[in-house]
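Peer 1: Residue numbers (my numbering): 927 to 1094.
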Amino acid sequence: MTVQIRSALAFDLPEIPALERAAAERFLETAHPELAAAPPSMTGAVLDLALREDRLIVAEQGDVLCGFALLDQRGEDGWLREFDVPPAFGGRGVGRALLAFSCAWARGRSCTRLTLTTFRAVPFNGPFYARFGFCFLEEATLPPHLAEALAAERDAGLRDRCAMAMAL
Ligand SMILES: CC(C)(COP(=O)(O)OP(=O)(O)OC[C@H]1O[C@@H](n2cnc3c(N)ncnc32)[C@H](O)[C@@H]1OP(=O)(O)O)[C@@H](O)C(=O)NCCC(=O)NCCS
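1. Among L1040, F1015 and L1063, which residue has its Cα nearest to the Cα of F1027?
2. Are Q999 and V929 closer than 8 Å when you measure CB to CB?
3. Whole angstroms are fine: how far does the CA of P1013 sit from the CA of A949?
4. Just confirm the distance between the C-beta atoms of G993 and L1024, as a whole number of angstroms; I'd bet it's less than 8 Å.
5. Does the distance between the C-beta of P1049 and the nearest non-hydrogen atom of ligand 1 fall short of 7 Å?
6. Relative to the C-alpha of A995, which residue among P940, D989 and M968 is closest?
7. Could you give the first and the last residue of the continuous alpha helix (DSSP H) run that contains D1081?
8. Quick one: using the 10 Å Cβ neighbour count with 16 as the cut-off for buried, is A971 buried or exposed?
9. Does any heavy atom of ligand 1 sit closer than 7 Å to the C-beta of R1087?
10. From G1001, E1008, A1082 and V1011, pick the residue whose C-alpha is nearest to that of R1035; which is it?
11. Roughly how many whole angstroms lie between the Cα atoms of F1009 and G1021?
12. Answer with buried or exposed for A881, where buried requires no fewer than 16 other C-beta atoms within 10 angstroms of its C-beta.
13. Please confirm whether L1094 and R1087 have their CB atoms less than 8 Å apart.
14. So for F1050, helix, strand or coil by DSSP?
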């Protein structure tokens, strides 16, 4: 079935935390299995604000939501803050389609690159983004939003995180 990517609507919001939880189960097979049990970061307040600012996009097959991306902007940097496709819908190009739409979202806001933080070595993180065209960024070159995000992630106990960017 064809995947459609669109801006989120209010009635999508209650489904987002369950999509995040289901996608996190992928981490059970990685060096970070504890993430599968982490509480969702997509709380009501975060989602409400993203909806109002048109920063939340969803993937839909028929009338079933099968993934989402939460975006942000800092200056000329687009910022992919959350990006999830549950394993039940994985490996069918849903993530690729969400990423392509995220690039279009950022271009539409005159961003010159799309940035993110992720796990360097988890196959569906760093290597996934590298195949899409993202490059790893050196710590010394990081803009404030990525330096602060990595510091917060380290403080939260996450290991092997890195920042990446792709020119748009
Ligand atoms: C990252 C994620 C969104 C990808 O979603 P997806 O719909 O399964 O990805 P796609 O089907 O579009 O696959 C795109 C490419 O990644 C590859 N890929 C997907 N899952 C993979 C995996 N587990 N291991 C290795 N490669 C993988 C596919 O082979 C495909 O490559 P190709 O187009 O060159 O053939 C999904 O794995 C996910 O939700 N992970 C858990 C949450 C997460 O890590 N989010 C990102 C946080 S930075």
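Just so you know, even glycine gets a beta-carbon here, dropped at the ideal spot from N, CA and C.
Peer 2: In this structure, then:
1. L1040
2. no
3. 6 Å
4. 6 Å
5. yes
6. M968
7. P1070 to D1081
8. exposed
9. no
10. G1001
11. 8 Å
12. The chain is shown only over 927 to 1094; residue 881 falls outside these bounds and no answer can be derived.
13. no
14. coil
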